DNA sequence: CCATGATTTGTACAAATGTACAAATCATCC
DNA sequence: GGATGATTTGTACATTTGTACAAATCATGG
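Residue numbers (our numbering), protein chains in the order written: chain A, 1 to 237; chain B, 238 to 474.
Right, dumping it as structure tokens:
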């Protein structure tokens with residue numbers, strides 16, 4: 001029984017054009033980049049008039065800003081929750097895996113109810129990062145760095161013998177791998193000749209977690225590699 | 238729009254204008270992306286007239302095409318050479334490292350005499366990939382897939398117990414990490430609070446090689462993880 | 001039913017874009 | 001020195017761009 005009089009529940013029912021524009025812009029930006037998409041493209045995809053975009057978001061940059069502000073907070077909160085859970089895991093290896101999962105999972109599927117999940121927004125971040133978008137760069141640095149530091153510090157606690165700087169490198173590689181997987185999934189399908197599905201986000205995440213946990217545990221660069229012990233011969237550097 | 242900084246005067250007395258245009262375009266595209274750079278930006282950076290760009294390369298796409306054709310062949314040849322050398326390495330771990338190095342090294346510093354090295358071109362590829370550039374995508378698929386397959390197959394020979402599809406995933410992550418490192422090196426410096434220099438390409442490469450070799454040796458997803466027996470990194474032949 | 005504020009529409013405009021092309025300049029060989 | 005072909009220059013043009021703004025439409029409370 002729908003009661004039209006109640007003004008409280010109006011949020012879900014309205015065909016909100018503002019939302020449609022945000023959604024269309026997110027989709028188009030994440031595929032084609034910021035510069036290749038015009039305001040008219042967005043308006044058309046959202047079934048709106050170009051003027052509406054100006055009305056709701058003032059400028060094209062403002063639209064991008066709104067997209068970021070919409071996603072950043074929920075995504076980081078979800079990461080913090082998972083990170084706190086991961087902290088309680090006893091076994092070192094299990095804990096490492098939980099930490100990495102806490103970082104990666106919200107990037108693939110957002111914990112919020114925003115349609116399309118976090119994967120699209122993460123792909124958007126990847127593209128903006130590659131394009132050197134200033135608006136995005138500013139937000140990212142001031143919004144994600146805290147989470148990144150928490151993530152790095154927590155790994156460092158689990159792997160105290162590895163210099164923090166090297167953990168930074170490896171977690172940087174993780175983010176790059178994550179971005180690239182979302183940007184060009186078809187390459188995985190192609191190179192595996194169909195044996196792997198690059199578009200299978202869940203499987204991609206499992207592969208990424210497994211791969212990253214292993215790389216994190218590698219010996220530090222300035223330390224001798226323990227696994228080399230069996231090869232008593234020469235060691236090239 | 239493009240940042241007015243950079244080195245505009247570098248090509249003041251260039252005898253070969255075609256080369257100067259190529260070089261300027263490569264630089265600008267790799268920083269700002271394809272769509273954000275106008276033909277006039279390129280011409281100004283090269284100290285040329287906008288009409289010259291049309292004369293030498295017909296269209297903007299033609300210019301990008303020429304950049305790719307200029308770099309792809311030398312880079313892949315260098316990779317093949319290094320891969321052939323890597324094949325002769327006896328020790329499995331050393332061979333893996335040599336293979337990864339053969340893949341990564343030409344991407345950081347091109348073996349050819351082209352000024353600026355391969356890093357700039359690799360960053361260009363990263364940005365074009367993120368933007369979903371069609372011209373670039375077509376060339377990449379038909380030029381680099383052979384090398385990628387050779388790379389993957391060679392790793393698979395050294396790690397026969399890991400399904401080829403999983404090696405595809407991991408080498409895909411490698412490329413993503415490589416791209417991202419070249420795209421946003423300042424993030425490494427920032428997150429490491431100065432302990433690491435993201436712009437130090439040589440060191441980045443060492444970190445990437447170490448990290449990747451470890452991730453490649455991780456147990457496959459459908460297999461039980463041997464490292465859970467607490468013995469770190471000990472792998473029997 | 002009308003008043004009022006929020007939204008949507010249509011249109012306009014200056015700036016920037018890729019490309020075309022004729023004229024001007026240059027290099028090189030007879 | 002003059003001819004010839006390659007290159008550079010300057011300019012023009014049709015589109016597309018982001019944004020502005022007045023008019024039209026809508027929603028809603030009195």
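Glycine residues also receive a C-beta, built at the ideal position from the N, C-alpha and C atoms. Note that the coordinates shown come from a computational prediction; the quantities given were computed from them, not determined experimentally.
Review point. Of the residues that make up the region 169-184 of chain A, which ones have a beta carbon closer than 7 angstroms to any beta carbon in chain B?
Key: 169, 170, 172, 173, 175, 176, 177, 179, 180, 181, 183, 184
Review point. For the candidate residues 179(A), 55(A), 103(A), whose alpha-carbon lies nearest to that of residue 154(A)?
Key: 103(A)
Practice item. Counting only the same chain and skipping the five closest in sequence on each side, list residues whose C-beta sits under 7 angstroms from that of residue 363(B). Key: Closer than 7 angstroms at the Cβ level, and outside the excluded window around residue 363(B), lie 416, 419, 420.
Practice item. Evaluate the contact criterion for the region 164-177 of chain A versus the region 62-71 of chain A: three or more CB pairs, one atom per stretch, below 8 angstroms. Key: no
Review point. Looking only at C-alpha atoms, which of 54(A), 219(A), 121(A), 210(A) sits nearest to residue 453(B)?
Key: 210(A)
Point to revise | Residues in the region 265-288 of chain B having any Cβ partner in chain A nearer than 7 angstroms | key: So the close ones are 268, 269, 270, 272, 273.
Exercise for review: Would you grab the beta carbon distance between residue 426(B) and residue 332(B) for me? Rounded to a whole angstrom, and I think it's under 8 angstroms.
Suggested key: Actually they do not touch by this definition, with Cβ atoms about 33 angstroms apart.
Check your understanding: Expressed to the nearest angstrom, what Euclidean distance is found between the alpha-carbon atoms of residue 44(A) and residue 128(A)?
Key -> 22 angstroms
Exercise for review: Would you verify that the beta carbon of residue 163(A) is, or is not, closer than 9 angstroms to some beta carbon of chain B?
Suggested key: Chain B has a Cβ within less than 9 angstroms of the Cβ of residue 163(A).
Review point. Whose CA, out of 146(A), 78(A), 25(A), 212(A), lies closest to the CA of residue 52(A)?
Key: Closest by alpha carbon: 25(A).
Point to revise | Presumed contact (8 angstroms Cβ cut-off) between residue 413(B) and residue 177(A), rounded CB distance | key: Contact flag correct, Cβ pair sits at about 4 angstroms.
Practice item. Please list, in chain order, all residues of the same chain as residue 144(A) whose beta carbon is under 8 angstroms from its beta carbon, the five residues on each side excluded. Key: 72, 76
Practice item. Using the Cα positions of residue 277(B) and residue 41(A), report the straight-line distance between them to the nearest angstrom. Key: 25 angstroms
Check your understanding: By the criterion of Cβ-Cβ separation under 8 angstroms, what are the contact partners of residue 389(B) in chain A?
Key -> 191
Review point. How about residue 298(B): is its C-beta nearer than 9 angstroms to some C-beta of chain A?
Key: no
Practice item. Examine chain A for any beta-carbon lying closer than 9 angstroms to the beta-carbon of residue 424(B), and answer yes or no. Key: True, the Cβ-Cβ gap to chain A drops below 9 angstroms.
Review point. Is residue 106(A) buried or exposed, if buried means 16 or more other CB atoms sit within 10 Å of its CB?
Key: buried
**Study point:** Distance, residue 69(A) Cα to residue 350(B) Cα
**Key:** In this predicted model, residue 350(B) has a pLDDT of only 48, less than 50, meaning its place in the structure is not dependable enough to derive any value.
Practice item. Answer yes or no: does any C-beta atom of chain A fall closer than 9 angstroms to that of residue 318(B)? Key: no
Practice item. Look at residue 31(A) and residue 123(A) and say whether their C-beta atoms are less than 9 angstroms apart. Key: yes
Point to revise | Partner residues on chain A for residue 458(B), Cβ-Cβ distance less than 9 angstroms | key: Using a Cβ-Cβ cut-off of 9 angstroms, residue 458(B) is close to 203, 206, 207, 210 of chain A, given in chain order.
Review point. How would you write the range of the alpha helix (DSSP H) that residue 214(A) sits in, first residue to last?
Key: Its alpha helix (DSSP H) spans residues 201-216.
Review point. Would the beta-carbon of residue 378(B) fall within 9 angstroms of that of residue 168(A)?
Key: no
Review point. What separation, rounded to the nearest whole angstrom, lies between the Cα atoms of residue 345(B) and residue 271(B)?
Key: Each residue's alpha carbon lies about 21 angstroms from the other.
Practice item. Would you give the residue range spanned by the alpha helix (DSSP H) that residue 87(A) belongs to? Key: Here the alpha helix (DSSP H) through residue 87(A) covers 60-87.
Practice item. Give the DSSP-derived three-state secondary structure of residue 16(A) in the structure shown. Key: coil
Point to revise | Cβ-based neighbour list, residue 293(B), same chain, cut-off 6 angstroms, excluding 5 preceding and 5 following | key: 255
Practice item. Note the first and the last residue of the continuous alpha helix (DSSP H) segment covering residue 409(B). Key: 401-420
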